[in-house]
Every structure is written in C-alpha cells, then in structure tokens.
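What follows is a set of notes on a single structure, which appears directly below.
2 protein chains.
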Amino acid sequence: MASSHTAPSIRLYVPHDLSAAAVVPLDEKQAHYLKNVMRLGPGDALLVFNGRDGEWRATVDALGRRDGALQVGDLARAHIDEPDLWLVFTPIKKARLDVLIEKAAELGAARLIPVLSAHTSVRDINESRAQALVIEAAEQCGRMTVPEVVPIAPLSAVLDALPEDRRLLFCDESGAGTPVATALASEAPGPWAVLIGPEGGFSPDERAMIAAKPFAVPVALGPRVLRADTSAIAALTMVQAHLGDWR
Amino acid sequence: MASSHTAPSIRLYVPHDLSAAAVVPLDEKQAHYLKNVMRLGPGDALLVFNGRDGEWRATVDALGRRDGALQVGDLARAHIDEPDLWLVFTPIKKARLDVLIEKAAELGAARLIPVLSAHTSVRDINESRAQALVIEAAEQCGRMTVPEVVPIAPLSAVLDALPEDRRLLFCDESGAGTPVATALASEAPGPWAVLIGPEGGFSPDERAMIAAKPFAVPVALGPRVLRADTSAIAALTMVQAHLGDWR
Chain F
68 MASSHTAPSI
78 RLYVPHDLSA
88 AAVVPLDEKQ
98 AHYLKNVMRL
108 GPGDALLVFN
118 GRDGEWRATV
128 DALGRRDGAL
138 QVGDLARAHI
148 DEPDLWLVFT
158 PIKKARLDVL
168 IEKAAELGAA
178 RLIPVLSAHT
188 SVRDINESRA
198 QALVIEAAEQ
208 CGRMTVPEVV
218 PIAPLSAVLD
228 ALPEDRRLLF
238 CDESGAGTPV
248 ATALASEAPG
258 PWAVLIGPEG
268 GFSPDERAMI
278 AAKPFAVPVA
288 LGPRVLRADT
298 SAIAALTMVQ
308 AHLGDWR
Chain R
68 MASSHTAPSI
78 RLYVPHDLSA
88 AAVVPLDEKQ
98 AHYLKNVMRL
108 GPGDALLVFN
118 GRDGEWRATV
128 DALGRRDGAL
138 QVGDLARAHI
148 DEPDLWLVFT
158 PIKKARLDVL
168 IEKAAELGAA
178 RLIPVLSAHT
188 SVRDINESRA
198 QALVIEAAEQ
208 CGRMTVPEVV
218 PIAPLSAVLD
228 ALPEDRRLLF
238 CDESGAGTPV
248 ATALASEAPG
258 PWAVLIGPEG
268 GFSPDERAMI
278 AAKPFAVPVA
288 LGPRVLRADT
298 SAIAALTMVQ
308 AHLGDWR
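Chains as they are written, first to last, in my numbering: chain F, 68 to 314; chain R, 68 to 314.
Right under this line is the structure:
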C-alpha cells in the first residue's frame, strides 16, 4: 500500500529496467492490485522503482485481468542505496515474524539473514511470503531498494561468512552488554549488522562463538525482556539514528 | 506469556496487595490461564506483581474452573517505577494498534494516551482489549508496573492538559524536525511524552498547534515514511536509550 501524503500516492516495485518512455509489463498480481484494489484505469498516474534506476513517474497503459502495462514518464527521484545494514535473526512465530520483516524493511535494512540456533523453535521461514512483505514495505515507505532475503543457514555458518570489516551489534539478552547508546557513541558509520537472538536467548556455546568474533559489539537494550521483533526494531532504529541515514 | 529464561517463568499481574503469607484470589481468566494454558496445579511456583509492592514468589494454593488462590511467599525484586514516559498516539487499524500497544508496554511507557486528530480514520479504541494487551506485555517483559491506558480525547485537549515541564518528542512526518539523535543529545532526563501522528500526518492547523507549545521538540525519524506503529517504537526506543532506563 502506498503512503497517502506523496502524490501520486501509489508506488510499485517492478523488476524491469526503467527509463523515459519505457513500457513495463505488469504481472497478474500487480494488475489485480492496481485494477481491483487501487481502482486504477488507463491514464492514471503512479510511481515505479526497481532498486537500481531510481523512482519514475508512470501511467497505466493497459490493465487486464491477468496482465497489463505501464508507460514510464520522467525520473521523479534519483536512485540512492539504503545504508549497508544487515539484520541477522532467528525465525519466530508467524505474526511476529511478519512484524519483524515489515519493520526491518521500513527501517532501511539492506539484507535479512535468518539463522538457526540451538534455541530456535521455528526452523524455517516462508521465503515467498517474506519476499512479498519486503516488497510491500519498500513500496509503502518510499525506499529505493528492496531488502534481500537470503535462505536460512546455521548461526555458525553465517558468523563465519561475515566479512571482518562489518561490525555486528549483538543484542545480548543477558543484559551483560554495554547500554546501546553508549556503545554506539564510540562506533563509526560503515557496514553494520544487527544480531537478534531467539526468545530465551542464545545457548552458552553460541554466546561464546559470537563473543569470539572481533567484530561483535555486545549491547544491552534496557532492563525489560524484549520480544525478538521489538529488539530488532529497537536495534535497527539505534543504528540508523546514530550511524545510518537518520542523521 | 512469561519469559522463558527467568525461573519460575510464569509472571502474573494481580490487583491485590502483596505481602509475605498473603493469600491472593484469582479471577476466572487467571485461573483458566494457569490451569489450562500453563498447566499449573497446587504447589507450583510463579511470580506475582501488582504495580506497587514489587515482585513476589508465590505458589498455587487452589485452582478451580472459575477461581483459585495463590499463596504469596517472599519478595523476589523490590518495586521500581518505569521512567515517566507517556505515548500520545492516534488510533490505527486493529492489528497495528495491537503491535503499538504491546510494544509501548515492553518499551516501558507509563501512560498511553489515544487522541483524535483531523486525519484519524479510526475514531475509537477498544479499552478492555488495550488493557489486556498492556497487562500481558507487562507480565512478559518483567516490568513492575502496568501502563495506564486513558480514554481517547481530542488532540487539542490533550496538548492543553500536558504539564509545562513535560517535554514532548513530536515525530514530525514532514521530515522538517531535527534528526532524533541530534535533538536528544541536548535534552535532559525528566518527564517526557512521545507524540505520533496519524498515517498521512497531522493537519496544518494541528501542526501549528503542536509547534506553538514551548515544550514540543520536533524530530525527524529518517528519510523513509514509517508507519505509525514503527514510529512509536522507534521514538520510545530513542527516549529510553538516551534519557530513560536503558542507560
């Protein structure tokens, strides 16, 4: 769904190249959304983006039951990448996972990395659902890119594959970390990742494995026990506000 | 639901006075929860709190279909108030409102104040549902108090009734405010409120009314359009991290 205070208010992600006068095909889901949900018809205006060519004004060219096409007009906003911020998280139950994924996209995360940990009770995520959620959130929030959702992998494999120059904000449920505002005050912008554990926390072995990484920055998010989705939103907020594009 | 990494793991809010050896009656909903959801029986341990006497160890004394009683043991943690932080918000659709209310409780808000604005499409909130959500979140997150949910009122009335010494973090959707981390760096701890507008923002009249308040601190939450629930969580996070009990 588009935000209501930009005009035109409908903003659609398309995979196709965008340039002046290009004609962009719509798939069945997009045609349905524009025709039946948003009640658009030929000539109506919207915005399109594809994650690389910026945001373009476009008009509906044709709109059928199963497909359609847009006519691209001129560039509305130049492309800009979101900050290089990843979210590493353990899957949680569906309603809260949806919140976590939507909010991570709104808060500008560039990549979502689900991991398996010893205490993870949910062992998989629905990738096509996650993909639909990040696209919808990207359309709604005005970002120029859609976060990448990568396949689930064991925590150890993800940690070992993290580049050494990427700082990892480890949201430590034990409360042993540095208060997050204090920790971030001495850090610099650059590639970052946020690591959120399962409800109940990581196992002692996992905690030791994380602590052994020289790029890990263990932080505490206050005296209350936060749910995983809340922790993710809070941590992404802090990184964006202090080191990201909220400055 | 209780957090899984404190023992005993079940934590119940009760309205009654708590002291060593007190016997506390359970209502039908609590009896059902303990008996049928958590599968407790006589002698099983849990924690209780009432928002004023601290957190106490207790055991199940009796557990029937419609009522029951707890036997209070000794004090587990002394009482502590949450920071004096209020959340002023416009009602939104149900699923997102539930997220906003639950997260505000988790993030330690002391009072939730729903307001009517010109652009508010949802004109009321379900107070008993809100009350149930804040109690459940307080039980889960370990806080000692339950946030107060006050009846909905017009924005102008709420602004006029705010004490002059309470700073108001106004999350300005226009992007005209100071970046939130910068704004908070020059503020001090004390009574605070966070003000979140409706999707689409406040009307020009409402914006002028807010700006005229000497205690208003207009801030921007980054370049993307955040949903109301996301804004509330982000703003509460920033206040707690910088001026509240996350320090």
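Beta carbons: idealized from backbone N, C-alpha and C, even for Gly.
Tell me whether R:A295 sits in a helix, a strand or coil according to DSSP, three-state version.
helix
Same chain, Cβ closer than 6 Å to F:A145, neighbours up to 5 away in sequence not counted:
G121
Pairing CB atoms from the region 291-300 of chain R with CB atoms from the region 165-173 of chain R, are three or more of them under 8 Å?
yes
Taking buried to mean at least 16 other C-beta atoms within 10 Å of its own C-beta, is F:E231 buried or exposed?
exposed
Whether or not the region 127-135 of chain R and the region 75-83 of chain R are in contact is what I'm after, with contact meaning three or more pairs of Cβ atoms, one per stretch, closer than 8 Å; do they touch?
no
At which residues does the beta strand (DSSP E) containing R:A129 begin and terminate?
122-130
Between the region 219-237 of chain F and the region 183-191 of chain F, are three or more C-beta pairs nearer than 8 Å?
yes
For a test of your reading of the model: does the CB of R:Q198 fall under 7 Å from any non-hydrogen atom of the ligand NAD? Yes or no.
In the structure on display, the ligand NAD does not appear, and there are no ligands present to speak of.
Paired residues, beta bridge with F:A234 - DSSP:
Note on residue identity: the sequence assigns Arg, not Ala, to residue 234 of chain F. Partner(s): F:W259.
Have a look at F:A125 and F:L142 and give me their C-alpha separation to the nearest angstrom.
9 Å
R:T157 CB to nearest chain F CB: under 8 Å?
no
So, helix, strand or coil for F:A145, using DSSP?
coil
Provide the residue span of the beta strand (DSSP E) that contains F:L113, from first to last.
112-116
Buried or exposed: where does F:E240 fall if 16 or more other Cβ atoms within 10 Å of its Cβ makes it buried?
buried
Show which residues of chain F have a CB atom less than 8 Å away from the CB atom of R:R136.
Going by the sequence as given, residue 136 of chain R is Ala instead of Arg. Result: empty, since nearest Cβ-Cβ is about 27 Å, beyond 8 Å.
What residues in its chain sit with their C-beta under 8 Å from that of F:Q97, if we drop five residues either side in the sequence?
L79, V81, G135
Distance check for F:L303 and R:A287, CA to CA, integer angstroms please.
16 Å
Please determine if the region 203-212 of chain F and the region 87-101 of chain R are in contact, where contact requires at least 3 C-beta pairs separated by less than 8 Å.
no
Are there 16 or more other CB atoms within 10 angstroms of the CB of R:V104, so buried, or fewer, so exposed?
exposed
Verify the CB distance criterion: does F:V261 have a CB-CB separation below 8 Å to chain R?
no
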